[in-house]
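Under this note's numbering, think of the first position of the sequence shown as 6, with each following residue one higher.
Cβ coordinates follow ideal geometry from the N, Cα and C atoms, glycine included.
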Amino acid sequence: MNLRQRILGFYHTRKDATAWTLLAPGVLWLVVFFLAPILIMLGYSVMPRGLFTPVKAGFTLEHYQRFFDPLYLQILWRTFAWSLGATVICLLMGYPLAYLIARSWKWRNLLMFLVVLPFWTSFLVRTFAMIFLMRDTGLINATLISLGLITEPIPLLYTPFAVMVGLVYGFLPFMVLPIYASLEKLDLSLLEAAEVLGARPWARFVRVTFPLSLPGVVAGALLVFIPALGSFLTSDLLGGAKQVMIGNLIQNQFSAARNWPFGSAASFIVMALVLVAVVWYLRIRDTAPGGAEAK
Numbered sequence: 006m007n008l009r010q011r012i013l014g015f016y017h018t019r020k021d022a023t024a025w026t027l028l029a030p031g032v033l034w035l036v037v038f039f040l041a042p043i044l045i046m047l048g049y050s051v052m053p054r055g056l057f058t059p060v061k062a063g064f065t066l067e068h069y070q071r072f073f074d075p076l077y078l079q080i081l082w083r084t085f086a087w088s089l090g091a092t093v094i095c096l097l098m099g100y101p102l103a104y105l106i107a108r109s110w111k112w113r114n115l116l117m118f119l120v121v122l123p124f125w126t127s128f129l130v131r132t133f134a135m136i137f138l139m140r141d142t143g144l145i146n147a148t149l150i151s152l153g154l155i156t157e158p159i160p161l162l163y164t165p166f167a168v169m170v171g172l173v174y175g176f177l178p179f180m181v182l183p184i185y186a187s188l189e190k191l192d193l194s195l196l197e198a199a200e201v202l203g204a205r206p207w208a209r210f211v212r213v214t215f216p217l218s219l220p221g222v223v224a225g226a227l228l229v230f231i232p233a234l235g236s237f238l239t240s241d242l243l244g245g246a247k248q249v250m251i252g253n254l255i256q257n258q259f260s261a262a263r264n265w266p267f268g269s270a271a272s273f274i275v276m277a278l279v280l281v282a283v284v285w286y287l288r289i290r291d292t293a294p295g296g297a298e299a300k
């Protein structure tokens with residue numbers, strides 16, 4: 006081995022060592038606070054429930070089987086329906102807003118500031134603010150009564166409507182930001198070419214703008230659907246005890262019910278659903294215009 010090869014070998018060895026040194030803190034953090042808890046929960050999910058302890062030694066799949074009880078399947082279906090509904094509403098509201106921000110050269114920074122402004126406040130505080138708005142003596146009912154539009158308060162709080170409003174309010178920025186990122190880097194010359202070829206505004210949007218922004222739409226849909234699927238604070242505070250989502254079920258198993266094995270099994274079933282959603286997203290992203298296949 007000549008001197009040049011030794012120098013190159015030492016350089017690459019040192020470069021690899023530097024890369025691993027930079028990766029070590031993040032990898033250690035993920036192992037300790039992500040991988041290890043997941044493995045512990047996986048072990049709990051296949052262990053019998055203890056009489057005086059959360060779990061006891063043994064192996065069983067009864068917790069996974071129990072989840073397929075019609076009661077829990079109904080909660081899962083309700084959670085899926087509400088999460089999907091919140092995603093669709095966020096898309097219908099967020100896409101026009103993202104489009105407006107992307108095309109508003111003068112007011113873009115201000116509009117983006119208003120979109121991210123809710124993140125400056127705790128999600129818990131914002132949820133309590135929704136309670137003050139929608140309760141019987143809240144601002145909405147008080148305003149409608151003072152205008153003479155109603156004579157008695159409308160029951161808004163502790164209803165599916167309140168839960169849906171809370172989900173949309175909490176996750177709408179997660180839909181706007183990725184769609185805006187896709188629309189902001191859209192090549193306007195493509196729209197000009199479509200206009201020259203005689204395409205009307207609606208046709209330009211359907212055939213050019215929306216397909217090219219589809220990766221942002223899918224990313225925003227995942228960023229809304231997945232957190233909504235595991236949300237429990239919104240349904241607990243705005244929906245009351247009658248509007249139970251899968252997140253409330255899991256949280257209750259680890260707290261009041263102290264049935265850690267069943268809570269762990271339910272968590273892994275939800276994680277499996279999330280994994281399916283992520284795989285579906287990757288397939289759509291890779292086949293969409295501007296995706297991996299297009300590249």
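Three-state secondary structure (DSSP) of residue i
{"i": "V120", "result": "helix"}
{"i": "K300", "result": "A caution first: K300 carries a pLDDT of 41, below 50, which makes its placement in the model too unreliable to give a value."}
{"i": "R205", "result": "coil"}
{"i": "R54", "result": "strand"}
{"i": "V60", "result": "strand"}
{"i": "M135", "result": "helix"}
{"i": "L13", "result": "Note that L13 scores 49 on pLDDT, short of 50, meaning its location in the model is unreliable; the coordinates nonetheless yield the value given after this. Helix."}
{"i": "S261", "result": "Here the sequence assigns Ala to residue 261, which means Ser is not the residue at that position. Looking at A261 - three-state DSSP - the assignment turns out to be coil, as it is neither helix nor strand."}
{"i": "R140", "result": "coil"}
{"i": "F237", "result": "coil"}
{"i": "M250", "result": "coil"}
{"i": "T23", "result": "helix"}
Short Cβ contact (8 Å threshold) for residue i with residue j
{"i": "L40", "j": "M98", "result": "no"}
{"i": "L227", "j": "V283", "result": "yes"}
{"i": "V211", "j": "A199", "result": "no"}
{"i": "V168", "j": "T239", "result": "yes"}
{"i": "A262", "j": "I184", "result": "no"}
{"i": "F215", "j": "H68", "result": "no"}
{"i": "F237", "j": "N253", "result": "yes"}
{"i": "L242", "j": "I150", "result": "no"}
{"i": "M276", "j": "V229", "result": "no"}
{"i": "K247", "j": "Y163", "result": "yes"}
{"i": "L81", "j": "I251", "result": "yes"}
{"i": "G171", "j": "T132", "result": "yes"}
Start and end residues, alpha helix (DSSP H) containing residue i
{"i": "Q70", "result": "E67 to F72"}
{"i": "S151", "result": "L144 to S151"}
{"i": "I106", "result": "P75 to R108"}
{"i": "P174", "result": "Correcting the residue identity first, residue 174 is Tyr in this sequence and not Pro. P165 to E189 is the span of the alpha helix (DSSP H), which, as asked, contains Y174."}
Residue closest to residue i, alpha-carbon to alpha-carbon, out of the options
{"i": "G63", "options": "Y69, S50, I80 and R71", "result": "S50"}
{"i": "P53", "options": "V279, E157, N264 and L89", "result": "N264"}
{"i": "F124", "options": "W25, G175 and A29", "result": "G175"}
{"i": "V173", "options": "V249, P30, P158 and S88", "result": "S88"}
{"i": "I45", "options": "L115, L287, T156 and S269", "result": "S269"}
{"i": "C95", "options": "G245, L188 and G225", "result": "G225"}
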